[in-house]
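Here numbering that gives the first Met the number 0 is used: the first residue of the sequence shown is 0, the next is one more, and so on.
C-beta: ideal position from N, C-alpha, C; glycine also.
Note that the structure is predicted; figures quoted are calculated from it, not measured.
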Amino acid sequence: MPNSVTFYQSSPDKNIVVPFIRPLPTKMATYLYLLAIFLPPILGQCSVEKAGHSFSRAVYEFSLDLIQRVGQENDNHFVTSPFSLWTVLTTASLGAEDETLAEMKRVLRLHHYPCFNDRYLEIVKGITVYNSKTTLERSSALFVDKTVSLLESFHRKLSGTGVCDVMILPFDNYNNVATTINNYVSQATHNTIQEIVNSNDIEGVYLLLLDAVYFKGMWNIPFEPSETEVTSFYDERNNPVGDVNMMFSMRQYNLASIDQLQAKVLELPYGDGDRFSMLIFLPYQSSSVAKVTDQLKRVTLKSIFYIFQRNGRDTVQVQIPRFKITSQLDNLKELLMDMGLKLMFDHSAQFPHISDYSFYISNVVQKADVEVTEEGTVAAAASAAEFEARRLPDSFQANRPFVFMIVDKLNYIPLFTGAYSKPSVF
């Protein structure tokens with residue numbers, strides 16, 4: 000699932016700076032003395048372990064702000080990776096200064112101390128898993144026109160965090176650049192996303208920052224294909240709006256009714272470990288997807304899993320649709336501006352730590368894809384059948400619009416988030 004941020008060059012600043020020396024004021028000397036006293040304890044707290052909690056909160060709160068807007072623009076039927084977008088914008092913030100940086104820190108929930116933001120990106124770098132049942136990979140690259148000289152300090156920042164590769168290309172051949180970038184995306188997402196830019200998108204561009212996240216997970220408890228059947232799907236007014244291939248399982252699951260969310264929450268774990276899960280938020284009959292998305296601000300992922308742990312698993316009769324959603328979010332610039340990220344898109348944007356040239360971000364795009372089947376996130380054939388239980392366990396019937404998240408339980412962040420409301424027999 001890739002994101003890209005495109006930088007344009009504005010007129011170079013030709014101001015001449017004349018250095019001069021003056022005595023250090025007494026007041027400044029006091030400040031430096033206090034800094035010498037207080038800075039070491041601050042630096043001592045700047046570790047990956049200490050940064051983990053605020054990292055989780057930053058990604059989660061940014062995600063909720065984004066999906067509210069994406070949902071409104073897409074009739075609550077979409078998939079997106081706010082985590083990937085947060086990563087690409089946080090990487091861009093390493094080159095920002097003054098009010099541009101202040102806005103990015105505010106909207107992205109970045110830390111006041113830069114060293115913590117470096118730790119955030121170290122955590123991002125470490126979010127990679129590969130085993131027989133679960134794969135999580137991320138790739139990030141800064142594509143730079145060969146005529147642009149990156150500042151050595153910025154290059155060191157990227158190298159220091161290890162979060163992003165740098166690739167130098169001649170941007171004068173738009174077709175070749177677009178092909179190179181799309182090939183990178185295709186490889187990073189295992190051919191799930193094959194194109195994110197075209198040659199027209201490259202015109203006037205000097206840098207392009209890309210982040211791609213790929214997730215493939217097999218259910219810990221697979222759905223039996225023979226139990227899948229075509230059933231009706233309803234809108235939030237309980238009117239039938241189409242049919243879906245409804246998967247069925249009756250096993251031990253974590254399920255909770257959370258009144259703060261006005262929703263039932265089901266956990267469907269991936270793989271043999273306990274790190275990745277899909278959470279499905281099914282609104283109460285009196286609620287809606289929009290209300291649940293808004294109320295998510297009242298809880299944290301950690302609190303949801305605490306409720307699961309406290310309640311314990313129980314036998315649940317689960318019915319969820321087999322579905323595939325592909326979203327191309329071309330209006331992210333407008334959505335991010337609505338969230339408060341305005342200066343970075345303006346010609347007066349301040350990214351002085353990237354290069355001696357003046358840059359601004361011209362556009363942000365994202366393509367995302369999710370596929371949910373009996374086996375997990377891979378395709379599988381299924382035939383219809385009926386299943387009858389001898390008793391009536393707890394029931395979770397997702398035959399109306401719902402919210403879903405693929406979450407990393409180690410860091411308590413959503414990797415992918417979306418909503419399903421437009422049924423199809425997939």
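How about residue i: is its Cβ closer than 6 Å to a heavy atom in the ligand COA?
i    : result
R155 : The ligand COA is absent from the structure shown, which contains no ligand whatsoever.
Return yes when the Cβ of residue j is within less than 7 Å of the Cβ of residue i, no when it is not.
i    : j    : result
D164 : A140 : yes
L340 : E102 : yes
V240 : P400 : no
S326 : F77  : yes
V162 : S80  : no
I360 : F344 : yes
Q261 : Y283 : yes
F222 : E121 : no
V58  : M338 : no
P422 : F275 : no
A397 : I319 : yes
L209 : S354 : no
T227 : M246 : yes
T416 : G270 : no
V424 : D234 : no
L278 : M404 : yes
L207 : F142 : yes
P1   : V184 : yes
F304 : V291 : no
K296 : Y411 : no
P413 : V406 : yes
V363 : K332 : yes
N181 : A418 : no
V371 : F322 : yes
V298 : S248 : no
Y173 : S138 : no
Y205 : D273 : no
Helix or strand or just coil, what does DSSP make of residue i?
i    : result
S148 : coil
D210 : strand
T133 : strand
A388 : Legend: pLDDT at A388 = 26, less than 50; position of this residue unreliable, no value from coordinates given.
R274 : coil
V78  : strand
G125 : coil
E72  : helix
E96  : coil
P1   : strand
P169 : coil
V424 : coil
L409 : coil
Y233 : strand
V16  : For V16, the predicted model reports a pLDDT of 34, less than 50, meaning its position is unreliable; a value from the coordinates is still stated below. Three-state DSSP puts V16 in coil, outside helix and strand.
P351 : coil
V298 : coil
V47  : helix
V240 : strand
L84  : helix
K290 : helix
E102 : helix
L260 : coil
K332 : helix
D345 : coil
Measure the beta-carbon distance from residue i to residue j and round it to whole angstroms, keeping in mind my assumption that it falls under 8 Å.
i    : j    : result
T127 : L135 : 6 Å
K49  : I195 : That pair is no contact at about 35 Å.
F170 : I201 : 6 Å
F54  : Y119 : 5 Å
T178 : L168 : Incorrect: roughly 11 Å between the Cβ atoms, too far for contact.
D293 : Q67  : 7 Å
According to DSSP, what are the bridge partners of residue i?
i    : result
M245 : E228, P320
Q396 : Q318
W218 : Y269
K366 : Q327
F403 : I279, G417
L254 : L265
A140 : D164, L209
V371 : F322
D313 : Y252
How about residue i: is its C-beta nearer than 7 Å to some C-beta of chain B?
i    : result
L295 : Checking the listed chains, one finds no chain B in this structure; it contains a single protein chain.
* Asked: Are the region 246 to 263 and the region 310 to 321 in contact at 8 Å, needing three or more beta carbon pairs?
  -> yes
* **Contact the region 341 to 350 vs the region 96 to 111: 3+ CB pairs below 8 Å** => yes
* Could you tell me whether the region 56 to 67 touches the region 79 to 95, using the rule of 3 or more Cβ pairs below 8 Å? => yes
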